[in-house]
Every structure is written in structure tokens, then in C-alpha cells.
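Comments concern the structure below.
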Amino acid sequence: MRNLKFIATAAVIFIIISCADLDLSPLSEGSSNNWYHDDTEYLMSLNDLMRAEFYPIDSYPWDDDVFSRNSQEETKNGNMTSESGTAKSRWLILYKAIARSLRILNNLQTAETSTDITPANIRQYKGEAYFHLGFSYAMLATYYGDVILDKKGMSLAEAYTASRSPKREVLDYAYECLDSAAELLSDSYTGQLRPTTGAALGFKVRFALFHEDYQKAIDAAEKLMDAGTYSLEPNYQELFQKPYSNELIFYFQGNKDLRYYCADLYGSVNNYCLRQIGGNCNRGPSIQLVCSYLCTDGLPIDESLLYDSKNFWANRDPRLTYTVQPFMLKHDPRYSDYIWTRQHEKTYLELIAKGQTNYTDSLLENKYPEYFIYGYEYVPGPYDTKCLNTATHNMDRNNDSKGSNEHAAYQGFIMKKYVTNDWTDYRSVASHAYNTFPYLRYAEILMSYVEAKNELGQCTQEILDNTINKIRERAYNGTGLVYPYVEMASQEKLRTIIRMERRMEFPFEGIRYSDLLRWRIAEKVFNTSEYQLSRAWSGRTDWDGKDMSIVSDAFKVLLKNWDEGNYPIGGIPQIDEDGLPDVEYMVEKGYQTRFYQYRFDKDKNYLWPIPASDLLVNDNLTQNPGY
13 MRNLKFIATA AVIFIIISCA DLDLSPLSEG SSNNWYHDDT EYLMSLNDLM RAEFYPIDSY
73 PWDDDVFSRN SQEETKNGNM TSESGTAKSR WLILYKAIAR SLRILNNLQT AETSTDITPA
133 NIRQYKGEAY FHLGFSYAML ATYYGDVILD KKGMSLAEAY TASRSPKREV LDYAYECLDS
193 AAELLSDSYT GQLRPTTGAA LGFKVRFALF HEDYQKAIDA AEKLMDAGTY SLEPNYQELF
253 QKPYSNELIF YFQGNKDLRY YCADLYGSVN NYCLRQIGGN CNRGPSIQLV CSYLCTDGLP
313 IDESLLYDSK NFWANRDPRL TYTVQPFMLK HDPRYSDYIW TRQHEKTYLE LIAKGQTNYT
373 DSLLENKYPE YFIYGYEYVP GPYDTKCLNT ATHNMDRNND SKGSNEHAAY QGFIMKKYVT
433 NDWTDYRSVA SHAYNTFPYL RYAEILMSYV EAKNELGQCT QEILDNTINK IRERAYNGTG
493 LVYPYVEMAS QEKLRTIIRM ERRMEFPFEG IRYSDLLRWR IAEKVFNTSE YQLSRAWSGR
553 TDWDGKDMSI VSDAFKVLLK NWDEGNYPIG GIPQIDEDGL PDVEYMVEKG YQTRFYQYRF
613 DKDKNYLWPI PASDLLVNDN LTQNPGY
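Laid out in C-alpha cells, this is it:
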């Protein structure tokens, strides 16, 4: 029974798990007594903590920016239990990091006199250990509330009887650790990715904002901003395709040669790829996200006179088409020219096949490059059965066509943010992306700063100009358009503007879920449905896009929606004070169907459950309410 307890208990495992660091030792018999002798052993232990595993990402499908066809996420469906893998794994991995960090700090106390490690290196190692310690405790307090607080390293007996400390006490210690890290660390390092002063301050900003410690968030943000170490990347779209940017404060970098990727970033890339190249589009941008982008006058689509419900891509914030793959709509003024160009492309290809021309360039690709992704023209319109292959210039069967392969993009959209040419060959790269994941970037600091200032009633035009207006200006860079300038307004009005700006700026970056929690609007967001396009199908996989006699009645309705400009959105959804669109009427009109119905209990689901395995072996641990 004793052995069973030892194995099952995360609270116990985190005490002894630091010995796992000893597996890295070249010694045949590693132990706590013969480790931490020199720089190599400290660096190996600290490098091991700089893995994505120790910095869990809130998964994309946890929030309302993503449609997920194959799963109902327990985080927003309200069915997480004390035995759920999500709750158990995050608890365990964070306490692993805490145990290892404490062991490093304890050994560093004697390192100055017992080793040849320089004072500068001791300072760095302490800073990194405090960084990991502060981050882990802040994460635990954020998701579990009151947790076990260990500042020195517990004995086995102490772990079996430890009680939960108040969240406030845990947070204060986390802030203290992050402050110590900020003082001890440098602004930058060469070589191995390491935590920096900016990262310590940045995470303090994130967690302080979440827990409404607004002045702490402001103070940390001002220190980071005044340092001048980071700046906004000039091009928003390129930011997510580059291996590094001066905007990135804390990140995980993929490496093709080492076949290293951040698995939590996407899971499998084919979930986001067109079926044309063998993907399945199981996940992608939600219709709610698409409806949430402002128009170029800075107003939501239900208020702006610029919004065209028949051509919803037009006059929208540029980040929409940087984030969600655009496609041509019938009511786009360029549509007739687009169709003409497609026909001439087809004619040229037919001539090539007959050997009658040496034509090599693509008319369509060169004229409408924004509609190409993964090496194919993206044409989800229901009449289209073929699309251009940019590699061969052949008109291939369009497997995203509702006439040939029903609903490859089940929600109607696919992701463009992060997408690189490498994704077309996803099978050869283990189905994972090697993109750099921006775990924390400078734009978040600016947005957190203005939000904290607004919540304290301290916002000014100067603050708006140095934060949200800079971010908007960057989003419009290179478009030839003047960005919609944010002017000083009431606290309530600015709160809405800030929330909508965060949604446009940070989709698919793993922070939307925590935003919904800290704004206390998760029950409003999640007690609704997930939506997808109408399940209508042409009825024939060989439909040519013309012969209406063989088309099903249900598919004729979908074609009618396209002809009338109600595909895939239709109408103008109302946007509330939190920037949330009401798209339920689209179901009534037949443009969308309900996929999953979620249930979020506001009385319990804002906190996660304490793992049952820990409760089983420690009678002093208590469970969060409702679990």
C-alpha cells in the first residue's frame, strides 16, 4: 500500500522527481549527493526545465476561437473531474518544476564555497530557478486556487500531511520569485534559450492581471517597457512564420534538423490542412471569431456602415485575412474577373496539354495570391469542383468542395496564421509544425498594461497611444489604409474595445481561454453551441457544378445561400459589450447547424479539481467546490 501511495501521489512525486535530473549525469550512480558539482550539471538541470512540457499551453480547442469537430473539450464542457488527465497532468508537471527548482536553489546556497562556479554564474542559476519556481506557483494558483506551498523542499512525511495554502499567499510568493528572477537574470543570452529579465517581468504582468493585482501588473509592465529591450514586429503576418522576432519575450523554437517541435501548439498539423493535400480540417477558426473582427473604421460589424454582409471579408481589420484563410465570394466586386481569370487559366492548361503553347506562369496565382494556401487555390464555394495546383498548374479535383467531399472545413474556415510552405509536406515532418510558438510577446504586455490602467480608472490618451494604437498601427502596416485611432472614452467603452482588440490580436496563441476566465464571462461563452456549416451534400461525388437535376434538395438550399450572399455567414450578428457575437439566428436561417452544446458551471468550473490521486493519500488535502 505504501508503494502504491508513493506511485500515485503527485505531491509526493514532486519531492523525489528532482532525482530524475540525475539521469542526465554521466556518472554510473547518480544521486543527490554527487550532482550539482559544476556548471555543466547545473546547466543540464536548468536546460531540462526549459522544455515546453514545463510550460503547458492552454489548448486551442479550449476557447471559442476554434471549432473542433472530433472532441468536446472538458475545459469548456464543464465535465472535468478529479481524475481527468488535463487536471492531473498540469498539477504534476508544475510540481515537478517546483521540486527541481528548489533542489537547485538549495544546492546553490553552498556552491560559492564548495565549487569553482563563478559568482556571475551562480547569480544566473539562481535567477533561472526562481523564474521556474515563480511561474509554476502562479500557474497552480491560477487554475487550482489554494495549493500546497513549499518554499524549501519537503520530506516524504511532510508531503503526506501537507495542506493547501491560501491562493493569496501562493501568489505573493510567486510574485516574489519572479521579482528575484528579474533582478538576477540578464536581458538576453546567446545560444540556448533561457529565461530573461523581460520574461520574469512579463509573466508577472500576465498573472497579476489575471488575479486583478492591477498595480503589480502596471509596475512590472512599466519596468519592462522602460527597458527598451523589446519592440513590435513591423509585419503582423510574418511574426508567426519567423524563427525569431524582437517581439518575442518567451517562446519555444522548432528545429527541423533536430526534429523538435512544440507538440501543444497544434497537435497534428493535418487537423488544420486542406483535404486536398491529405489533411482533414478537423479544427479551424470558429464563425464567432470571424464575426468578431472590427471593420476598418474601428467599429464592430453590427455598428459599422462599412460592413457588407454579402462580402464579409471587405473593409475588415487586416488581421482577419492574416489569421483566417480568405476566399472569393460571389458578391465581391472582383468576382466576375476572378471567374474570367479561372476560365482563361483552364484554357491555357488545355493548350499546354495539347502542346500548343509554352505557357508556364499562372494567371490566377499571380493575380489573386491571397486565395492560395498549401500550394492550392482555396475555393470552398459550393459550385466549385476544381482548384488550381500551383506546383503542376493542373486543375485538380477540389476536395474542399461541398460537391465532391462534404465539408472538409467543417466550420467553413481554415487557419492561415502560422501556416508555412512546410505544412504542405506535413507527413514528412511528423505531422507537426516547427514554427516558433510565441508563448509571451511584447504586444501582450502593451495590451495588459492598458487594460490594468483602465480597470483602475487611470487610462489616458497618452497610454492609449503607446499601447493599443501602436498595435493597431502595426496591424495596418503595408495595407495603404489608415488604422482606426482609439480615442479616450469611458471605462466601460474602453473595456469593450480592449477585449475585442485582444481577440483580434491573439487568436491561436493559447491565452483566450484564460482571458474568458479572468473576465468571468466563461459561462456566457460556453453555455452555448459550437457551430458548423449546414451538413447538406450534393449527393454525388462526381457533380460537375452545373447539372442541377442530380443535386439533392438540401444542397440546393446551400447553393441558394451562396447565390444570395449568405454563405457561410449571412446577415449581421449582434455584438455584445464583451465583443461576443450572437450567431444563433444563422441556425434558424439554415446557414449553420449546432454541433456541440456546451455546459459551463460558473459555481465550480472557474477552478480545476485537485487530482483524486493526491486526495487519496493525503487526508489533509481538500477538494475545490463542486467536484
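Using the working numbering, the first residue of the sequence shown is number 13, and each one after it goes up by one. Cβ coordinates follow ideal geometry from the N, Cα and C atoms, glycine included. Computed from a predicted structure; not experimentally measured.
Quick check on the DSSP output: the beta strand (DSSP E) that includes residue i runs from which residue to which?
i          : result
serine 167 : Neither: serine 167 is in no beta strand (DSSP E) and is coded neither H nor E.
lysine 505 : Lysine 505 -> not in any beta strand (DSSP E); alpha helix (DSSP H) instead, spanning 503-517.
Using 8 Å as the threshold, is the C-beta distance between residue i and residue j below it?
i                 : j                 : result
tyrosine 6        : glycine 203       : No answer is possible for residue 6: it lies beyond the span of the chain, which begins at 13 and ends at 639.
phenylalanine 264 : phenylalanine 449 : yes
phenylalanine 222 : serine 526        : yes
tyrosine 597      : proline 580       : no
proline 623       : serine 94         : yes
lysine 138        : leucine 58        : no
aspartate 429     : tyrosine 495      : For the sequence presented, residue 429 should be read as lysine rather than aspartate. No, these two residues do not count as a Cβ contact at 8 Å.
threonine 122     : aspartate 50      : no
serine 625        : lysine 100        : yes
leucine 592       : lysine 536        : yes
glutamate 456     : phenylalanine 518 : yes
valine 281        : tryptophan 435    : yes
phenylalanine 612 : phenylalanine 538 : yes
aspartate 412     : leucine 286       : yes
tyrosine 226      : proline 330       : no
aspartate 70      : isoleucine 523    : yes
glutamate 245     : glutamate 259     : yes
Would you mind reading off the limits of the alpha helix (DSSP H) that contains residue i?
i                 : result
glutamate 600     : 596-601
arginine 486      : 480-487
tyrosine 350      : 347-365
alanine 299       : One point to set straight first is that residue 299 is isoleucine, not alanine, in the sequence displayed. Counting along the chain, the alpha helix (DSSP H) containing isoleucine 299 begins and ends at 299-304.
leucine 318       : Where leucine 318 is concerned, there is no enclosing alpha helix (DSSP H), given that its DSSP letter is neither H nor E.
alanine 212       : 209-222
valine 569        : 565-576
phenylalanine 252 : From DSSP, phenylalanine 252 is part of no alpha helix (DSSP H); its letter is neither H nor E.
valine 537        : 534-538
isoleucine 523    : Element bounds for isoleucine 523: n/a, residue is neither H nor E.
threonine 448     : Counting along the chain, threonine 448 falls outside any alpha helix (DSSP H), and DSSP gives it neither H nor E.
alanine 239       : 226-239
glutamate 85      : Taken as a continuous stretch (DSSP letters only), glutamate 85 belongs to no alpha helix (DSSP H), as it is neither H nor E.
lysine 100        : 97-120
Out of the options, which one is the CA nearest neighbour of residue i?
i                 : options                        : result
tryptophan 620    : Asn636, Asn89, Asn632          : Asn636
aspartate 565     : Gly551, Ala464, Glu65          : Gly551
phenylalanine 79  : Ile351, Leu627, Gln609, Arg346 : Gln609
serine 374        : Arg81, Lys358, Pro131, Asn578  : Lys358
leucine 452       : Phe612, Gln136, Ile261         : Ile261
aspartate 184     : Asp158, Ser175, Glu170, Thr173 : Asp158
asparagine 630    : Glu170, Tyr48, Lys88, Gly490   : Glu170
glycine 291       : Lys482, Gln84, Tyr438          : Tyr438
leucine 104       : Gln300, Tyr156, Leu55          : Tyr156
cysteine 303      : Gln227, Gly424, Arg295, Glu377 : Gly424
methionine 56     : Glu315, Ile483, Glu140, Ser502 : Glu140
isoleucine 426    : Leu545, Thr208, Arg484         : Leu545
asparagine 481    : Leu628, Gln355, Glu499         : Glu499
alanine 229       : Thr125, Ser502, Met459         : Met459
arginine 354      : Leu317, Asn370, Asn406, Ser316 : Asn406
phenylalanine 683 : Ile313, Glu377, Thr52          : Outside the displayed range of the chain (13 to 639) lies residue 683, so it cannot be described from this structure.
Bridge partners for residue i per DSSP, in chain order?
i              : result
cysteine 399   : Asp408
tyrosine 388   : Ile385, Asn401
valine 159     : Ser177
glutamine 586  : Asp594
glutamine 544  : Thr605
valine 78      : Pro297
arginine 453   : Leu260
cysteine 307   : Arg328
valine 629     : For valine 629, which the question treats as bridged, DSSP gives no partner whatsoever.
methionine 427 : Val336
Original post:
Are the segment 147-155 and the segment 184-200 in contact at 8 Å, needing three or more beta carbon pairs?
Top reply: yes
**OP:** Would you check if there are 3 or more beta carbon pairs closer than 8 Å linking the segment 572-589 to the segment 392-399?
**Re:** yes
Subject >> At least three beta-carbon pairs within less than 8 Å, the segment 214-221 to the segment 232-246 >> reply: yes
Original post:
Is there contact between the segment 505-514 and the segment 469-486, where contact requires at least three CB pairs shorter than 8 Å?
Top reply: yes
Original post:
Can at least three beta-carbon pairs, one atom from the segment 312-331 and one from the segment 342-351, be found at a separation below 8 Å?
Top reply: yes
Original post:
Counting Cβ pairs, one atom from each stretch, are 3 or more of them under 8 Å apart for the segment 252-262 and the segment 448-466?
Top reply: yes
Original post:
Any contact of the segment 545-561 with the segment 511-528, i.e. 3+ C-beta pairs under 8 Å?
Top reply: no
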